[in-house]
Amino acid sequence: MADLPFGFSGGDDPDRDKRKNNPGDPFGGAMPGGEFDMSQLGQIFSKLGEMFSGAGTSMAGGKSAGPVNYDLARQLASSSIGFVAPVPEQTVTAIADAVRLAET
Numbered sequence: 001m002a003d004l005p006f007g008f009s010g011g012d013d014p015d016r017d018k019r020k021n022n023p024g025d026p027f028g029g030a031m032p033g034g035e036f037d038m039s040q041l042g043q044i045f046s047k048l049g050e051m052f053s054g055a056g057t058s059m060a061g062g063k064s065a066g067p068v069n070y071d072l073a074r075q076l077a078s079s080s081i082g083f084v085a086p087v088p089e090q091t092v093t094a095i096a097d098a099v100r101l102a103e104t
């Protein structure tokens, strides 16, 4: 075996060749998290298309004035967070009191 630079090695995974020969796995076991789902690939491509279309409108003088598409960023953040429970009124009051105390 040739001398590899510091931090690189040939690996210690004896099952590596078995995963590569699996015809049902398009990436040879390289995907973290297990099974490959084609619907997730479709979602990735639709989000990528939205980002490219947003970039095209900003280059053509659209409403986006900077390098960040805030509408798309807000939409992606909202979809990844999911449901968030509303903050109780008691907590809002306690935070407002803490801010007033900090300002004085």
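1 is the number of the first residue of the sequence shown in UniProt numbering; add one for each residue after it. Glycine residues also receive a C-beta, built at the ideal position from the N, C-alpha and C atoms.
Contact test: residue i Cβ vs the ligand GTP heavy atom, cutoff 8 Å
i, result
"L48", "Of ligands this structure carries none, so the ligand GTP is not represented either."
Cβ-Cβ separation, residue j to residue i (assumed contact under 8 Å), whole Å
i, j, result
"L72", "E50", "6 Å"
DSSP three-state assignment for residue i, whether helix, strand or coil
i, result
"T104", "coil"
"I83", "In the sequence under discussion, the amino acid at residue 83 is Phe, which differs from the Ile named in the question. Looking at F83 - three-state DSSP - the assignment turns out to be coil, as it is neither helix nor strand."
"V68", "coil"
"D37", "coil"
Selected residue, minimal CA-CA separation from residue i, among the options
i, options, result
"Q43", "P67, S79, Y70, P86", "S79"
"V68", "G82, S53, T93", "S53"
"K47", "A85, V84, L76, S39", "L76"
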